[in-house]
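Enquirer: Residues in the sequence shown are numbered consecutively from 94, following our numbering.
Ideal Cβ positions, reconstructed from N, Cα and C, are used throughout, including at glycine.
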Amino acid sequence: MLVFVEVKYRRQGRHGEAAEQVTARKREKLVNSALVFLSSRSQYANFPCRFDVVAISPNNGEATVNWIANAFDTN
94 MLVFVEVKYR
104 RQGRHGEAAE
114 QVTARKREKL
124 VNSALVFLSS
134 RSQYANFPCR
144 FDVVAISPNN
154 GEATVNWIAN
164 AFDTN
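1) Could you tell me the alpha carbon to alpha carbon distance between Asn-139 and Leu-131, rounded to whole angstroms?
2) Quick one: residues in its chain with C-beta nearer than 8 Å to the C-beta of Ile-161, no 5 flanking neighbours on either side, listed in chain order?
3) Give, in chain order, every unbroken run of the alpha helix (DSSP H) that is at least 4 residues long and sits entirely within the stretch 102 to 144.
4) Report the three-state DSSP secondary structure of Asn-153 (helix, strand or coil).
5) Below 7 Å between beta carbons: does that hold for Ala-127 and Phe-97?
6) Would you tell me roughly how many angstroms separate the C-alpha atoms of Leu-43 and Leu-95, rounded to the nearest one?
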């Protein structure tokens with residue numbers, strides 16, 4: 094399986110949570126980038142793919158990491 098991961102970090106939450114920043118337009122760009130990658134590397138043509146999001150936010154001086162597996166699909 095090939096996993097394409099978008100990592101988002103938010104220093105402050107006033108503009109929304111980190112995962113919320115992966116908009117429909119950003120998802121479209123990620124999918125298009127994955128298609129370019131796959132078209133240029135035939136050895137991966139039959140691999141299943143998924144799109145994950147890693148959202149990192151501060152939490153009382155520590156980082157909170159939220160890994161969202163299979164965050165969206167290509168439909």
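Expert: Straight from the coordinates:
1) Rounded to the nearest angstrom, the two C-alpha atoms are 10 Å apart.
2) Sequence-distant Cβ neighbours of Ile-161 in its own chain, meaning closer than 8 Å and more than five residues away, are Ala-112, Asp-145, Val-146, Val-147 and Ala-148.
3) As far as the stretch 102 to 144 is concerned, its whole alpha helix (DSSP H) runs of at least 4 residues are 117 to 133.
4) Shown here, Asn-153 sits in coil according to DSSP, grouped into three states, outside any helix or strand.
5) Yes, the pair counts as a contact, with Cβ atoms nearer than the cut-off.
6) One cannot answer for residue 43 here, as it falls past the ends of the chain, which runs 94 to 168.
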